[in-house]
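Asker: Have a look at the structure that comes next, please.
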Amino acid sequence: MNLRPSHPPPARRGPRIGVLGSYGGFNTGDEAILTCVLSCLRARRPHAHLVVLSRNAEHTRTHHPDADEVVPWEGVSRNHVLDVLPGLDLLVLGGGGILYDGEARRYLRLVRAAQIRQVPTFAYAVGAGPLIDAEDRDAVRTVLAEMDDVVVRDEESRLVLEEVGLEREVQVTADPALLLAPEPFTEAMMRDEGIPSGARLVGMSVREPGRAAEKLDEGDYHALLADVADFLVRRLDARVVFLPMERHDVRHAHAVLSHMTAPDQGRILHGDYSPGQVLGFMRHLDVAVGMRLHFVIFAALTGVPVLPLPYSGKVFDFARRLGAPALVGVAREQAGLLLAEVDRLWDEYPQRREELRTRMGELSASARETCERCGSLLDEIGAARGSDGTATNEVPDDAEPPDERPTDEGPTGDGPTDEGPTGDRPPGGEPAGDRPYPVGPRPLNA
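Numbered per our numbering, the sequence shown finishes at 446, counting up by one with no gaps.
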């Protein structure tokens with residue numbers, strides 16, 4: 001895996017672009033989103049200075065070499081974060097599901113602080129909901145109304161924002177991770193995981209009940225997924241591999257294994273893999289059944305027949321766009337229906353392969369629209385700074401790097417660093433609160 005060099009990278013002469021999200025290694029899907037957002041920004045502005053605001057700066061520095069600077073925003077001085085904002089030409093929020101109860105206000109305090117400092121802001125294919133808390137709803141309604149562009153990743157999120165009372169144009173595209181490139185998952189890596197060569201493999205994804213899945217009964221869905229796993233072991237003579245997309249998923253995978261009648265046919269992927277490597281692992285699967293959105297996305301990207309278990313609106317929405325069976329939940333009383341859908345998925349997939357390929361092509365094109373809209377906003381920002389005589393630090397994308405290292409100061413002449421607080425709190429009012437607010441389908445091994 002690529003590591004960041006120990007010395008700082010050469011300063012860049014392009015715009016300074018901040019990226020704010022749930023980054024820092026907590027969730028494979030979020031890390032896939034960051035990979036794709038940084039790739040988009042680098043493609044649009046090769047000379048940009050990309051600043052990631054991360055919940056775990058060390059993890060982001062190590063795993064995302066496209067980031068020129070990483071700034072922690074949890075567990076640090078408020079001024080340490082706010083000092084970064086005036087030096088930005090654009091703050092990108094997201095993507096991913098970050099606008100939900102208990103979290104939305106935390107991200108939007110930072111977005112609002114950027115707006116107060118006249119920094120343009122862009123919502124990059126974010127997910128929204130559930131939003132019941134009054135403070136979170138108010139923050140979403142107020143702050144998103146002032147953003148330069150708002151793009152959400154699914155229709156469910158647009159409806160949530162409409163219900164909250166947001167009155168502005170909201171563009172619906174698709175999840176940024178649909179543009180992720182696979183990395184090799186080698187036979188040696190398979191052996192290290194104890195997965196036999198040549199065996200049929202079923203991938204499964206389970207998760208904890210939480211804000212997005214608060215109606216799940218743990219015992220019921222553990223037993224239900226165990227039934228599905230046992231069925232596929234018998235039906236396909238297969239091994240079952242659980243893919244943890246978050247660290248807490250491991251406990252729930254063990255719980256499902258404990259309910260299986262054939263637990264010896266199950267394995268839990270235990271290595272620390274990049275999102276691209278997890279996507280690469282999907283190429284070894286014959287069928288996938290899962291709850292995590294990005295597990296379903298990765299399976300579909302690889303052309304694996306996949307049955308989503310829609311515990312929340314975002315998974316249901318993606319299943320609908322994918323043309324997958326639209327199950328209504330993961331309750332135990334639905335075991336018979338679920339097993340019938342798994343059986344039909346396997347039997348009918350050869351006929352549905354081309355349809356899946358077409359739908360995934362459309363979804364990937366939709367995901368690229370977010371990048372194009374962000375690029376258009378950067379064009380507008382650059383044109384505005386140039387047209388009124390204000391100095392701009394952008395250079396043409398095809399320009400050669402200078403022989404001497406530039407100073408790379410931000411538009412204010414007082415760019416942020418990653419060294420901690422550099423002065424008093426910037427002037428201006430603050431928001432409420434006292435914290436900164438494709439791969440073609442693989443053949444079936446049949």
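All C-beta atoms, glycine included, are put in the ideal place defined by N, C-alpha and C.
The structure presented is a predicted model; accordingly, all values stated were derived computationally and were not measured.
1. Anyone know if the C-beta pair for V448 and H222 falls short of 8 Å?
2. Is D388 helix, strand or coil by DSSP?
3. Identify every run of the beta strand (DSSP E) within the region 271 to 300, keeping only runs that are complete inside it and at least 3 residues long; order them along the chain.
4. CB H248 to CB E193, shorter than 8 Å?
5. Quick one: what does DSSP say E341 is sitting in, helix, strand or coil?
6. Name the DSSP beta bridge partners of E451, please?
7. Report the rounded CA-to-CA distance for L20 versus S364, giving the unit in angstroms.
8. Give me the Cβ distance between R105 and G127, rounded to the nearest whole Å; I'm assuming they're in contact under 8 Å.
9. Give a yes or no on whether the C-beta atoms belonging to R267 and V289 are separated by under 8 Å.
10. Opposite V143 in the DSSP bridges: which residues?
11. Which value, in whole angstroms, describes the spacing of the CA atoms of A238 and A134?
12. Compute the Euclidean distance between the alpha carbons of R44 and H63, then round it to the nearest angstrom.
13. Report the three-state DSSP secondary structure of Y124 (helix, strand or coil).
14. Considering Cα atoms alone, identify which of V296, G336, E341 and L338 is closest to R321.
15. What is the residue span of the beta strand (DSSP E) that S22 lies within?
16. What residue range is occupied by the uninterrupted beta strand (DSSP E) comprising I98?
17. Where L444 and A335 are concerned, what is the direct C-alpha to C-alpha distance, given to the nearest angstrom?
18. Where DSSP assigns a beta bridge to V150, which residues make up the other side?
19. Could you name the residues of the same chain whose beta carbon sits closer than 7 Å to that of R352, not counting the 5 residues immediately before and after it, in chain order?
20. Leaving out the 5 sequence neighbours to the left and right, which residues in its chain are closer than 6 Å to H59 when beta-carbon positions are compared?
21. Taking only the alpha-carbon atoms, compute the straight-line gap between G18 and E156 and give it to the nearest angstrom.
22. Does at least one heavy atom of the ligand GDP sit under 7 Å from the Cβ of M360?
23. For A300, which option in R359, V164 and P86 has the closest C-alpha, if you only look at C-alpha atoms?
24. Quick one: what's got a C-beta closer than 8 Å to G323's C-beta in the same chain, skipping five residues either side?
25. Closest by CA to R251, which one among E218, V233, D230 and A229?
26. By DSSP's criteria, A238 is part of a beta bridge. Which residues make up the other side?
Answerer: Taking the coordinates as given:
1. A query on residue 448 cannot be resolved here, the shown segment of the chain reaching from 1 to 446 and no further.
2. Since pLDDT at D388 reaches only 41, below the 50 mark, its modelled position is unreliable, and no value is offered.
3. 287 to 290
4. no
5. helix
6. Missing from the structure shown is residue 451; the chain here goes from 1 to 446 and no further.
7. 23 Å
8. About 16 Å separates the two Cβ atoms, so there is no contact after all.
9. no
10. Paired residue(s): none; V143 is not in a bridge.
11. 48 Å
12. 21 Å
13. strand
14. V296
15. From DSSP, S22 is part of no beta strand (DSSP E); its letter is neither H nor E.
16. L90 to L99
17. Low local confidence applies: a pLDDT of 34 at L444 is under 50, so the model's placement there is unreliable, and no value is given.
18. A123
19. none
20. G24 and G25
21. 27 Å
22. Annotation note on the ligand GDP: not contained in the displayed structure, which lists no ligands.
23. R359
24. R352, E355, L356 and R359
25. E218
26. R200
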